[in-house]
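Numbering (UniProt numbering), first residue to last: 1 to 467. Every residue gets a Cβ at the ideal spot worked out from N, C-alpha and C, and that includes glycine. For reference, the structure discussed in these notes is given below.
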């Protein structure tokens, strides 16, 4: 029985060499399934090519293949590739490129990569239960979180407030494979008290300062053999930055008021909502510390870049309200989808809490449960027809001699274009906003004419904003 099943696509005329490679992989327990013309494969796959392969055609094919978040591709060359081709393949979404006959144990290279990907997807599925979301950018973020957790390097998590930086740090600690690892110790750098911040990190001796009535361990000692999470690292004062740098470089530190060097062994995970490189250029953050803490950087997406996750997140937060067992009216989700969230996921969670707390009795949760303070500004939802640019545009079309059907067609096409642009190319969200089928927008994107009557087929949608 095959250990792995992967798809493959050949871009080489060197059939004899290709057959040797395919035979070696099949003997190693890899079942290979050819991709047929017009198919878009998902999951792990291998493309085979040589130095004469049509690179532009390959890149165009890869663009279609990498539309799915779980598609991971190895490029195997059956002849030596120029470096420029290798870079082009990597830019097109290939994960790894190597020449079969130029490396030792090529089968083991592929098997090790496939095994790692299998482990990765298992852990991503586990993470999805704790870090809710299924959008492409979020799944890619979860894959990066797993990659970071399984490495041994320091991690810097970047993102706006409310994107889940502390949750990511905790999951990195949970997935860390160090044997006998200890606790994850959290230090919020925004709460460090001037004059006592050194004690918070490094501890102090009895009598080191006023009110130091006993010896105290700091965060570094508590995180020994575990993880130290420094939240909002950009707030750390410059003098402490120098001491932290030494502790990271040398693995030693001193308590405040002590002359004794103590050992510190921990994994550092940091988070910030600042641009630390900009802080480095301003002189408010040490450059050497930045490069020490950013062994691996992770940029968490704001909620506006993962709108597909708003409904599933809202459902998750409603389920967390133990007194809520009623269904949620679709209009509530319409409202949530059309709202902005400067505070990201945290703001969405707090809004759901307010809606749930306002809901009383039996029956579904409706837009009547939305607190008045959270109502939209109806005056800003869109221009009225009277005196608007839309009215002026319609007048112009009338003066050109266009009839009602032609005007409707033009406005419909503009609406599709605007909705797709507004939703950053996400056809599912654009279709929901327009109240049409996703297939209609797919036809629009491809430039295909709609089937007769297709434009008039609407998806049932009663929105708060239709009032």
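Distance, residue j Cα to residue i Cα
{"i": "residue 2", "j": "residue 202", "result": "54 Å"}
{"i": "residue 414", "j": "residue 408", "result": "10 Å"}
{"i": "residue 369", "j": "residue 309", "result": "22 Å"}
{"i": "residue 130", "j": "residue 205", "result": "40 Å"}
{"i": "residue 331", "j": "residue 118", "result": "39 Å"}
{"i": "residue 87", "j": "residue 51", "result": "13 Å"}
{"i": "residue 312", "j": "residue 337", "result": "11 Å"}
{"i": "residue 300", "j": "residue 16", "result": "46 Å"}
{"i": "residue 196", "j": "residue 160", "result": "28 Å"}
{"i": "residue 101", "j": "residue 21", "result": "9 Å"}
{"i": "residue 5", "j": "residue 79", "result": "25 Å"}
{"i": "residue 63", "j": "residue 31", "result": "24 Å"}
{"i": "residue 236", "j": "residue 411", "result": "54 Å"}
{"i": "residue 297", "j": "residue 362", "result": "47 Å"}
{"i": "residue 76", "j": "residue 250", "result": "42 Å"}
{"i": "residue 191", "j": "residue 231", "result": "10 Å"}
{"i": "residue 109", "j": "residue 359", "result": "57 Å"}
{"i": "residue 271", "j": "residue 244", "result": "15 Å"}
{"i": "residue 54", "j": "residue 420", "result": "32 Å"}
{"i": "residue 256", "j": "residue 347", "result": "39 Å"}
{"i": "residue 39", "j": "residue 104", "result": "33 Å"}
{"i": "residue 438", "j": "residue 431", "result": "5 Å"}
{"i": "residue 418", "j": "residue 393", "result": "15 Å"}
{"i": "residue 14", "j": "residue 426", "result": "40 Å"}
{"i": "residue 72", "j": "residue 261", "result": "47 Å"}
{"i": "residue 90", "j": "residue 84", "result": "10 Å"}
{"i": "residue 60", "j": "residue 446", "result": "16 Å"}
{"i": "residue 136", "j": "residue 199", "result": "43 Å"}
{"i": "residue 434", "j": "residue 162", "result": "29 Å"}
{"i": "residue 194", "j": "residue 181", "result": "31 Å"}
{"i": "residue 259", "j": "residue 126", "result": "46 Å"}
{"i": "residue 178", "j": "residue 147", "result": "14 Å"}
{"i": "residue 67", "j": "residue 37", "result": "17 Å"}
{"i": "residue 306", "j": "residue 343", "result": "14 Å"}
{"i": "residue 291", "j": "residue 24", "result": "43 Å"}
{"i": "residue 387", "j": "residue 402", "result": "Residue placement at residue 387 is poorly supported in this model, since its pLDDT is 49, which falls under 50; the coordinates are not used for a value here."}
{"i": "residue 166", "j": "residue 302", "result": "15 Å"}
{"i": "residue 284", "j": "residue 349", "result": "33 Å"}
{"i": "residue 106", "j": "residue 319", "result": "49 Å"}
Residues near residue i by beta carbon distance below 8 Å, same chain, minus five either side
{"i": "residue 70", "result": "42, 43, 121, 139"}
{"i": "residue 18", "result": "10, 12, 48, 78"}
{"i": "residue 406", "result": "397"}
{"i": "residue 246", "result": "252, 253"}
Neighbourhood of residue i by C-beta, 7 Å cutoff - its chain only, sequence neighbours within 5 removed
{"i": "residue 354", "result": "371, 374"}
{"i": "residue 26", "result": "32"}
{"i": "residue 111", "result": "28"}
{"i": "residue 351", "result": "374"}
{"i": "residue 274", "result": "234"}
{"i": "residue 448", "result": "none"}
{"i": "residue 210", "result": "none"}
{"i": "residue 441", "result": "416, 420, 427, 430, 431"}
{"i": "residue 113", "result": "74, 96"}
Residues near residue i by beta carbon distance below 6 Å, same chain, minus five either side
{"i": "residue 35", "result": "7, 9, 41"}
{"i": "residue 267", "result": "227"}
{"i": "residue 423", "result": "429, 430"}
{"i": "residue 221", "result": "203"}
{"i": "residue 314", "result": "336, 352"}
{"i": "residue 187", "result": "219, 230"}
Short Cβ contact (9 Å threshold) for residue i with residue j
{"i": "residue 142", "j": "residue 124", "result": "yes"}
{"i": "residue 238", "j": "residue 276", "result": "no"}
{"i": "residue 248", "j": "residue 321", "result": "no"}
{"i": "residue 164", "j": "residue 293", "result": "no"}
{"i": "residue 229", "j": "residue 280", "result": "no"}
{"i": "residue 183", "j": "residue 223", "result": "yes"}
{"i": "residue 92", "j": "residue 58", "result": "yes"}
{"i": "residue 341", "j": "residue 286", "result": "no"}
{"i": "residue 328", "j": "residue 157", "result": "no"}
{"i": "residue 132", "j": "residue 316", "result": "yes"}
{"i": "residue 264", "j": "residue 253", "result": "yes"}
{"i": "residue 95", "j": "residue 81", "result": "no"}
{"i": "residue 356", "j": "residue 365", "result": "yes"}
Residue-chain proximity (residue i, chain D), Cβ-Cβ < 9 Å
{"i": "residue 190", "result": "This model lacks chain D altogether; it includes just one protein chain."}
For a minimum of 3 consecutive residues, which ranges assigned as the beta strand (DSSP E) are wholly contained in the stretch 223–272? 227–231, 252–254, 261–263, 267–272
Those runs of the alpha helix (DSSP H) which lie wholly inside the stretch 131–191 and span at least 4 residues: 136–150, 165–175
Beta strand (DSSP E) runs contained entirely in the stretch 283–335, provided each spans 3 or more residues: 296–299
Unbroken alpha helix (DSSP H) runs of length 4 or more, entirely within the stretch 354–441: which are they? 389–399, 404–422, 427–434
Assess, as a yes-or-no matter, whether the stretch 207–222 is touched by the stretch 166–181 under the definition of 3 or more beta carbon pairs within less than 8 Å. no
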